[in-house]
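To start, the structure under review is shown below, and the notes come after it.
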Amino acid sequence: MLLQVFLLTFIIGAGASACPLTTGNVYSNMSAAQQRQMGILVHESWLVISNTSMNHRGNYTCQSSRNHSSQSLFTLTVYNVSEDKYNYPKTCYKDHSFSLSCPEVNIPSEDIVNITVTDLKWYKDGLPLNPYFQRVKEEDAGVYTCNRTYLYSGQTYFKTFVVPLTVQADTPPIYATISSPKDNQVFSVELGTTVVIDCVADSDSLEDLLFWMRGTTFVEENSSFPVFYNVTRDEKQMKASLVFSNLSVDDLSENYTCKLDSDNQPSISVTIFLTQKAYTSSLTLTLCIISIVVAMTATIVVYLQFEIEIKLFLRDTLSCRSISSDEKIYDAFLMCYKCDTDEGLHEADRKLLENTLEEKFGYTLCLYERDVLPGEAAAEAVLACIEQSRTVILVPTSQYPGPESSLLSAIHAALVEKQTRLIFINTKHTETQKSGSFPEALQLLCELAESVTWKGRPPSSSFWKKLRYHLPAPEKVKPIRLFLKKDQYENLC
Numbered sequence: 103m104l105l106q107v108f109l110l111t112f113i114i115g116a117g118a119s120a121c122p123l124t125t126g127n128v129y130s131n132m133s134a135a136q137q138r139q140m141g142i143l144v145h146e147s148w149l150v151i152s153n154t155s156m157n158h159r160g161n162y163t164c165q166s167s168r169n170h171s172s173q174s175l176f177t178l179t180v181y182n183v184s185e186d187k188y189n190y191p192k193t194c195y196k197d198h199s200f201s202l203s204c205p206e207v208n209i210p211s212e213d214i215v216n217i218t219v220t221d222l223k224w225y226k227d228g229l230p231l232n233p234y235f236q237r238v239k240e241e242d243a244g245v246y247t248c249n250r251t252y253l254y255s256g257q258t259y260f261k262t263f264v265v266p267l268t269v270q271a272d273t274p275p276i277y278a279t280i281s282s283p284k285d286n287q288v289f290s291v292e293l294g295t296t297v298v299i300d301c302v303a304d305s306d307s308l309e310d311l312l313f314w315m316r317g318t319t320f321v322e323e324n325s326s327f328p329v330f331y332n333v334t335r336d337e338k339q340m341k342a343s344l345v346f347s348n349l350s351v352d353d354l355s356e357n358y359t360c361k362l363d364s365d366n367q368p369s370i371s372v373t374i375f376l377t378q379k380a381y382t383s384s385l386t387l388t389l390c391i392i393s394i395v396v397a398m399t400a401t402i403v404v405y406l407q408f409e410i411e412i413k414l415f416l417r418d419t420l421s422c423r424s425i426s427s428d429e430k431i432y433d434a435f436l437m438c439y440k441c442d443t444d445e446g447l448h449e450a451d452r453k454l455l456e457n458t459l460e461e462k463f464g465y466t467l468c469l470y471e472r473d474v475l476p477g478e479a480a481a482e483a484v485l486a487c488i489e490q491s492r493t494v495i496l497v498p499t500s501q502y503p504g505p506e507s508s509l510l511s512a513i514h515a516a517l518v519e520k521q522t523r524l525i526f527i528n529t530k531h532t533e534t535q536k537s538g539s540f541p542e543a544l545q546l547l548c549e550l551a552e553s554v555t556w557k558g559r560p561p562s563s564s565f566w567k568k569l570r571y572h573l574p575a576p577e578k579v580k581p582i583r584l585f586l587k588k589d590q591y592e593n594l595c
């Protein structure tokens with residue numbers, strides 16, 4: 103086997119077998135101090151030449167320590183100058199991003215003790231530079247050198263690679279792509295939490311590299327860092343997961359780039375941005391819900407408490423008038439019923455009730471003494487009044503006998519048939535008689551009626567509010583006259 107190397111400051115040779123090897127009887131039998139003096143290091147299957155010179159050229163034998171019959175022969179050739187065939191050319195494409203990667207051939211194994219990598223730098227024309235190009239230009243073409251710095255036994259050594267870079271103007275077909283996230287995508291995140299953002303690439307090549315950058319610096323794969331990434335892959339896809347262990351405000355100020363490097367095509371990258379999620383605490387949400395519930399409850403309570411006042415206010419403010427197609431003449435028909443005590447409404451009280459409803463509130467009333475003329479039977483006149491009125495108001499009185507039981511039954515039947523509204527005015531005394539002291543026909547009417555209590559003169563404002571609440575909105579019509587004999591009227595009201 104022929105092993106050719108250049109005259110470099112630092113060169114590595116490796117055995118061909120993975121099993122432990124004894125590299126030449128001369129070197130393997132030397133002590134560590136003798137090996138350092140010769141500028142070499144033997145470690146398992148590795149032969150490390152720390153300072154190459156012409157004295158190191160020649161033939162080498164690598165023999166297995168387990169099987170002495172198994173051995174490999176090496177010829178080491180040392181050159182004074184570098185030859186092009188030992189360069190590591192790279193190709194990139196104009197206007198695309200690109201990252202130079204330092205070759206990893208013939209470099210010390212991480213298992214070799216006392217040899218540590220201390221630095222890696224790139225140079226072009228003797229000047230240091232950043233190996234990452236955000237957007238490649240034609241003038242970026244040229245010869246680059248990569249220097250790895252190693253520390254061994256207190257001495258610094260270098261391993262240098264030459265990487266010629268060619269910039270092409272045309273773009274080859276894209277074989278591998280980043281399917282997510284989208285370029286310039288914005289992620290809403292919450293401070294102080296663990297955030298994971300996956301970058302997924304469609305690629306079936308094991309040589310392709312998928313990694314994250316924070317601004318212009320590379321994100322580490324070390325999970326002990328506050329921001330790191332890890333890579334997983336299968337046959338068709340690879341995924342690089344960017345992990346924020348504890349998202350901070352400083353993390354929001356950076357942009358993050360997921361990059362896919364491939365030898366078969368230009369590099370592909372997508373850049374994402376982080377923004378703080380709009381924060382709504384559970385306490386604020388709870389207070390909002392409680393406020394809404396309290397407001398709704400208060401609204402319902404206020405409405406139920408002041409339902410009458412609200413409806414009357416809207417009726418008066420909006421000047422609402424009943425729009426009726428029933429062709430009825432009167433808003434209400436006032437009819438007296440017999441009160442066994444002197445607690446009923448007297449003549450002056452009835453006049454006050456009639457005048458207030460008509461003159462102050464604008465209702466059109468049907469009144470016996472005014473609207474019913476002599477000449478018709480009482481029962482027929484009462485039923486006619488009920489038929490022409492939208493509401494019947496029963497007023498308690500002790501001055502008139504009131505309608506007979508048969509007429510009350512006819513009135514009840516008419517109210518049910520016509521679905522006419524009935525309002526029953528009580529006094530403090532008649533209110534306690536509802537339990538059963540009324541005649542049966544009158545008791546049936548009480549069960550149909552809305553009740554309003556008269557508490558004496560002057561009538562309270564609550565009485566008028568409740569009475570108007572049960573009455574329909576007044577409708578102005580031109581009244582007509584019905585016919586009723588005077589003695590019939592006196593028997594009714």
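When we follow my numbering, the leftmost residue of the sequence shown carries the number 103, and every step to the right adds one.
All residues carry an ideal CB built from backbone N, CA and C; glycine is no exception.
Source: prediction; values computed, not measured.
Can you have a look at Arg559 and say buried or exposed, based on whether 16 or more other CB atoms are within 10 angstroms of its CB?
So Arg559 ends up on the exposed side.
Go to Ser606, then tell me how far its beta strand (DSSP E) extends in each direction, as first and last residue.
No answer is possible for residue 606: the residues shown for the chain start at 103 and end at 595.
Going by other Cβ atoms of all chains shown within 10 Å of its Cβ, with 16 needed for buried, is Phe415 buried or exposed?
Answer is exposed; the Cβ neighbour count stays below 16.
Leu123 by DSSP, collapsed to three states: which one?
Any reading at Leu123 must be qualified, since the residue scores a pLDDT of 39, below 50, and its modelled position is unreliable; the value itself is stated next. Here Leu123 sits in strand by DSSP.
Let me know the secondary structure DSSP gives Val518 once reduced to three states.
helix
So Tyr358 is in the alpha helix (DSSP H); what residue range does that whole segment cover?
Looking at the DSSP string, Tyr358 is not in any alpha helix (DSSP H); the run it does join, the beta strand (DSSP E), is Asn357 to Ser364.
Give the DSSP bridge partners of Gly160, in chain order.
The partner list for Gly160 (beta bridge, DSSP) reads Leu178.
For Thr359 and Met315, believed in contact at Cβ under 8 Å, the rounded distance:
4 Å
As assigned by DSSP and simplified to three states, the class of Tyr277:
coil
CB of Ala278 within 7 Å of CB of Leu202, strictly
no
Tyr432 in three-state terms, based on DSSP:
strand
If you draw a straight line from the alpha carbon of Ala516 to that of Val494, how long is it in whole angstroms?
11 Å
Out of Pro205, Leu569 and Leu229, point me to the one whose CA is closest to Thr458's CA.
Leu569
Same chain, Cβ closer than 8 Å to Gln136, neighbours up to 5 away in sequence not counted:
none
Which of the three DSSP states, helix, strand or coil, is assigned to Lys587?
Confidence at Lys587 is low in this model, with a pLDDT of 43, below 50, so its placement is unreliable and the value that follows should be read with caution. DSSP places Lys587 in coil when its eight states are reduced to three.
Can the beta-carbon of Asp304 be found less than 7 Å from the beta-carbon of Gln339?
yes
Are the Cβ atoms of Ile214 and His145 separated by less than 7 Å?
yes
Excluding five sequence neighbours on each side, which residues of the same chain lie with their C-beta closer than 6 Å to the C-beta of Val298?
Ser343 and Val345
Should Cys121 be labelled buried (16 or more other beta-carbon atoms within 10 Å of its own) or exposed?
Because Cys121 sits at a pLDDT of 37, beneath the cut-off of 50, its placement in the model cannot be relied upon, and the following sentence gives the value as read from the coordinates. Under this definition Cys121 is an exposed residue.
Could you have a look at Asp221 and say whether DSSP puts it in helix, strand or coil?
In the three-state reduction of the DSSP assignment, Asp221 falls in the strand class, which pools E and B.
Per-residue DSSP class, three states only, for Glu577
Correct three-state label for Glu577: coil.
Leaving aside the five residues before and after Asn216 along the sequence, list all residues of the same chain whose C-beta is less than 7 Å from its C-beta, in chain order.
Tyr254 and Ser255
According to DSSP, what are the bridge partners of Ala342?
Cys301 and Val333
Tell me the residue span of the beta strand (DSSP E) that contains Arg250.
Gly244 to Tyr254
Only counting the same chain, and skipping five residues up and downstream in sequence, which positions put a Cβ closer than 8 Å to that of Val554?
So the qualifying residues of the chain are Ile525, Phe526, Ile527, Asn528, Phe565, Lys568, Leu569 and His572.
For Lys284, the first and last residue of its enclosing beta strand (DSSP E):
Where Lys284 is concerned, there is no enclosing beta strand (DSSP E), given that its DSSP letter is neither H nor E.
Can you tell me which of Ser371, Leu496 and Leu420 puts its alpha carbon nearest to the alpha carbon of Cys441?
Closest by alpha carbon: Leu496.
Nearest-angstrom Cα separation, counted from Arg250 out to Lys261:
5 Å
Pick from Tyr252, Glu449, Gly294 and Trp224: whose alpha carbon is nearest that of Gly244?
Trp224
Does the CB of Asp285 have a neighbour CB from chain D at under 7 Å?
Here there is only one protein chain, and chain D is not present.
Is it the case that the region 368 to 376 contacts the region 279 to 292, given that we only count it when at least three CB pairs across the two stretches are under 8 Å?
Counting C-beta pairs closer than 8 Å gives three or more between the region 279 to 292 and the region 368 to 376, which meets the contact rule.
Per DSSP, which residues does Thr458 bridge with? Please list them.
In the DSSP output, where bridge partners are listed per residue, Thr458 has none listed.
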